[in-house]
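A short worksheet on the structure shown next.
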Amino acid sequence: MRIFASQLRASRALLAKEQEVIARWVGLDRREVGGWEAGKYKLMSKVAIDLRKAYERAGIDFIDAGDGLGAGVRLCAPATDDPHKSAQYRAARALTNLSQADVAKVAGVNRNFVARLELGDVIGVNLTTLAKLDQAYSKLDILMLAETSEAGVGVRWRSEASGPPNKEEITFR
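Numbering (the working numbering), first residue to last: 1 to 173.
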């Protein structure tokens, strides 16, 4: 259930949609979408299936765990208007269920940088700072999936045993 919830959060982040929008897609209340993203409901229900299908219609590919790698999500098609991979960084953070401040602390970067990057509100990106962010996600067991000619960017857990970190166990810089 925890992995499915993280996939729902990451899917919404990849698409840059608010919970209200997702709720309208499947006839739910925003709070119910939040409950699904928090892992509060049973997995095998009609609502869970409806949510997954709605995301798939919107261009999300759900990746099941297997071959030693964990579950994840990716865009079905390459994105041409996201040069700094803002959607991918939003999705990586959503998969971990951490705040921007938490991710910034793990990476040793400014929280405002994380916020601006996720919004796509950066003109130029310092490659050293970006490398710190990539290393932080790797440390958090997130595998960043590169865009290909057939599929867009995505994120997944590095191993089948991975899942959202316990905030008390995270080593901050």
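We put the beta carbon where it would ideally sit given N, CA and C, even for glycine.
If you draw a straight line from the C-alpha of residue i to the C-alpha of residue j, how long is it?
{"i": "Ile49", "j": "Gln100", "result": "29 Å"}
{"i": "Gly35", "j": "Gln19", "result": "11 Å"}
{"i": "Asp82", "j": "Ser45", "result": "34 Å"}
{"i": "Asn112", "j": "Gly70", "result": "30 Å"}
{"i": "Val33", "j": "Val122", "result": "30 Å"}
{"i": "Thr96", "j": "Gly120", "result": "20 Å"}
{"i": "Leu15", "j": "Glu56", "result": "11 Å"}
{"i": "Asn126", "j": "Leu51", "result": "37 Å"}
My assumption, with CB atoms under 8 Å, is that residue i sits in contact with residue j. Please give the rounded CB distance.
{"i": "Pro78", "j": "Gly152", "result": "5 Å"}
{"i": "Val109", "j": "Thr129", "result": "5 Å"}
Per DSSP, which residues does residue i bridge with? Please list them.
{"i": "Phe62", "result": "Val73"}
Please check if any C-beta of chain C sits within less than 9 Å of the C-beta of residue i.
{"i": "Gly124", "result": "The structure shown has no chain C; it contains just one protein chain."}
Using the three-state DSSP reduction, which class does residue i fall into: helix, strand or coil?
{"i": "Leu95", "result": "helix"}
{"i": "Glu160", "result": "coil"}
{"i": "Gly154", "result": "strand"}
{"i": "Leu143", "result": "strand"}
For residue i, I'd like the list of residues in its chain whose CB is within less than 6 Å of its CB, leaving aside the five on either flank, ordered along the chain.
{"i": "Tyr137", "result": "Ala92"}
Please return the same chain residues whose Cβ sits closer than 7 Å to the Cβ of residue i, not counting the five positions on each side in sequence.
{"i": "Ser159", "result": "Gly68, Leu69, Gly70 and Asp141"}
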